[in-house]
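Colleague: In this note's numbering, the protein residues as written are 107 to 605. Ideal Cβ placement from N, Cα and C applies to all residues, glycine included.
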Ligand code: NOJ
Ligand code: NOJ
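In structure tokens:
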């Protein structure tokens, strides 16, 4: 066995051992009446995905040479994904943060906290490392990726990518809140946020960068198009809002005001992405460089934006959230488009004759196969799982609100829900929770979410392995194996479904 294979094997055995313990965390509540098959899969896949995700974070035998706190996008050599992407890492660490919050035993909590602290230190090193995105004043905080030992990546790339610092801030602000709550304001001021300028803490540096640079064109999350992006702007706004609240709890009132004023200015720009004529949110405005064949403007990045920029900690902010009719209309259009684009979607029943949703890609015109951008794009696990998570979160939010407003933008989605076939809804009406249609719609959303997860299950390996993509014609997995973000997306979708 090669060293790599044996490390993989070890990781796998470890994963199986901890699967039982982790299954306890998921515990009860995964009980959807007709979804027993899927429950079983989630109960083994989600804990397995936790293990794979953690194995991709340094220090780990799976990814030798990864510094502590460095999230490796995938251990794959071909294509070579053994890098630290600021975006992938922030999303992964957001999931680790949730694992920490959900964990019930002290040993797990200590382990997760250590990972998060390592990530804080690694991130601060990134911020201080001169790189090819670096301007004199901002040290290149928009640099998208680093080597896994923390040194700068010196080759050409789609840079800068300004969603990175925003995502990192969103995740670390959660960590800061946790420390404040536990009475460790000293640690927060030392490592995460203090008001001193030029910034000497990681969150402060990110918030300064975001608040002063959100107007700059940058590359999108797919590293291809330079311009102004819905996704980037949404996470920037979220970082500024959460940042303002952290700043004010630490007595930095003037900064809080400044961040909020920039968040408001961003809102105006973000709203322009809604294309009323086409009935969906368009992904990029003001393209100034990069690829130019994304003609539809349809992109799963809109769904990811609603998920990743969701309000944290009980805020009542309703700006382009998961229940927003424009977000839902866009999700519907994305789903339709991919239904047509990928031949494998013609099959919509799994082995148990259960309904599957379409496999979802990044955007319909995609040409990235994992190695080149001159082929045809494929469905991605993280995109398919995002549609599932949207459905679950949306169902939950509607339930909490106790009503669903039907609008011209979202009516098509509701009419199509399978559970709804013998009922009707009209744009303009609001369905209250006492209306029999209310729970039919909620159930329909959940059922649709399950359809997407069945799609992921169908194309993933029965051992739990999950790459970046699955082939549009054959359905077989391809591109980066064990993509960290694919696994994180299973975990967050399972949480959104469960409870
Ligand atoms: C590599 C990037 O990671 C991927 O997102 C992109 O599609 C290709 N380069 C082509 O630019
Ligand atoms: C390509 C994806 O397009 C990009 O979003 C991601 O950051 C990298 N791969 C690394 O996973």
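Using C-beta distances below 8 Å, list every residue in its chain close to residue 397, excluding the 5 sequence neighbours before and after it, in chain order.
Modeller: For residue 397, where only same-chain residues beyond five positions count, the Cβ hits under 8 Å are 330, 331, 479.
Colleague: Look at the alpha carbon of residue 249 and the alpha carbon of residue 315, and state the distance between them as a whole number of angstroms.
Modeller: Computed Cα separation, rounded: 12 Å.
Colleague: If you measure between the beta carbons of residue 356 and residue 394, is that distance less than 9 Å?
Modeller: Contact: no.
Colleague: Should residue 469 be listed as close to ligand 1, given that the test is whether its C-beta is under 8 Å from any heavy atom?
Modeller: Result no, Cβ not under 8 Å from ligand 1.
Colleague: At what residues does the beta strand (DSSP E) containing residue 335 begin and finish?
Modeller: Element bounds for residue 335: 331 to 335.
Colleague: As a quick exercise: from 571, 476, 438, 336, pick the residue whose alpha carbon is nearest that of residue 407.
Modeller: Ranking 571, 476, 438, 336 by Cα distance to residue 407 puts 336 first.
Colleague: Which value, in whole angstroms, describes the spacing of the CA atoms of residue 369 and residue 427?
Modeller: Whole-angstrom Cα-Cα distance: 15 Å.
Colleague: Measuring only from the beta carbon, is residue 474 closer than 8 Å to any heavy atom that is part of ligand 2?
Modeller: Correct: residue 474 has its Cβ closer than 8 Å to ligand 2.
Colleague: Under a three-way DSSP split, which group does residue 229 fall into?
Modeller: If DSSP states are grouped into helix, strand and coil, residue 229 belongs with the helices.
Colleague: Run through the region 182 to 228 for me and flag every whole alpha helix (DSSP H) of 4 or more residues, listed as ranges in chain order.
Modeller: Counting only runs of 4 or more, we get 192 to 208.
Colleague: Would the C-beta of residue 246 count as close to ligand 1, meaning under 8 Å from any of its heavy atoms?
Modeller: For ligand 1, not one heavy atom lies less than 8 Å from the Cβ of residue 246.
Colleague: Return the chain-ordered list of same chain residues with a C-beta closer than 8 Å to the C-beta of residue 685, the five sequence neighbours on each side being excluded.
Modeller: Residue 685 is absent from the structure shown; the chain starts at 107 and stops at 605.
Colleague: Between 277, 563, 515, which lies nearest to residue 382 when the distance is taken from Cα to Cα?
Modeller: When each option's Cα is compared against that of residue 382, the closest is 515.
Colleague: Spatial neighbours of residue 606 within its chain, please: CB distance less than 8 Å, with the 5 preceding and 5 following residues excluded, ordered by chain position.
Modeller: Here the chain has residues from 107 to 605 only, and residue 606 is not among them.
Colleague: Among 297, 466, 600, whose alpha-carbon lies nearest the alpha-carbon of residue 499?
Modeller: Cα-wise, what sits closest to residue 499 is 600.
Colleague: Going by DSSP, what residue range makes up the alpha helix (DSSP H) through residue 510?
Modeller: Segment 509 to 511 is the beta strand (DSSP E) holding residue 510; no alpha helix (DSSP H) there.
Colleague: Measuring from the CB of residue 229, is there a heavy atom of ligand 2 at a distance below 8 Å?
Modeller: It does not: the Cβ of residue 229 is nowhere closer than 8 Å to a heavy atom of ligand 2.
Colleague: Heavy atom of ligand 2 less than 8 Å from the Cβ of residue 179, yes or no?
Modeller: At least one heavy atom of ligand 2 is nearer than 8 Å to the Cβ of residue 179, so yes.
Colleague: Of the choices 535, 205, 432, whose alpha-carbon is the least far from that of residue 511?
Modeller: For the residues 535, 205, 432, the minimum Cα distance to residue 511 belongs to 535.
Colleague: By how many angstroms is the C-alpha of residue 495 removed from the C-alpha of residue 558?
Modeller: Residue 558 and residue 495: Cα-Cα distance of roughly 9 Å.
Colleague: Along the chain, where does the beta strand (DSSP E) containing residue 394 start, and where does it finish?
Modeller: Start and end: 390 to 396.
Colleague: Does residue 276 come out as helix, strand or coil in the three-state DSSP assignment?
Modeller: It is helical.
Colleague: What does residue 251 pair with, by DSSP beta-bridge criteria?
Modeller: According to DSSP, residue 251 bridges with 191.
Colleague: Taking 9 Å as the cut-off, decide whether the C-beta atoms of residue 591 and residue 277 are in contact.
Modeller: Cβ distance not < 9 Å, so residue 591 and residue 277 don't count as in contact.
Colleague: Could you give the distance in angstroms between the alpha-carbon of residue 187 and the alpha-carbon of residue 530?
Modeller: Their backbone Cα atoms lie some 48 Å apart in a straight line.
Colleague: Where does residue 466 fall in DSSP's three states?
Modeller: If DSSP states are grouped into helix, strand and coil, residue 466 belongs with coil.
Colleague: Unbroken beta strand (DSSP E) runs of length 3 or more, entirely within the region 430 to 517: which are they?
Modeller: Whole beta strand (DSSP E) segments, 3+ residues: 509 to 511.
Colleague: For residue 60, count neighbouring Cβ atoms within 10 angstroms of its own Cβ and tell me buried if that reaches 16, exposed if not.
Modeller: No statement about residue 60 is possible, as the shown extent of the chain runs from 107 to 605 and does not include it.
Colleague: So if DSSP puts residue 601 in a beta bridge, which residue, or which two residues, is it bridged to?
Modeller: In DSSP, residue 601 forms no bridge with anything.
Colleague: Look up residue 129 in the DSSP assignment and say whether it is helix, strand or coil.
Modeller: Any answer about residue 129 is weak, because its pLDDT of 40 lies below 50 and its placement is not dependable; what the coordinates show is given next. In the structure shown, residue 129 sits in a helix (DSSP, three-state: H, G or I).
Colleague: Output the boundary residues of the alpha helix (DSSP H) element that contains residue 368.
Modeller: Its alpha helix (DSSP H) spans residues 359 to 377.
Colleague: Give me, in chain order, the residues of the same chain whose beta-carbon lies closer than 7 Å to that of residue 533; leave out the 5 immediate sequence neighbours on both sides.
Modeller: If we look at residue 533 and ignore the five residues flanking it on each side, its Cβ neighbours are 512, 513, 514, 517.
Colleague: Quick one: any contact between the region 254 to 271 and the region 207 to 214, if contact means 3 or more CB pairs under 8 Å?
Modeller: Contact fails: fewer than three Cβ-Cβ distances are below 8 Å.
Colleague: Under 8 Å from any heavy atom of ligand 2, does the C-beta of residue 259 make it?
Modeller: No, the Cβ of residue 259 stays beyond 8 Å of every heavy atom of ligand 2.
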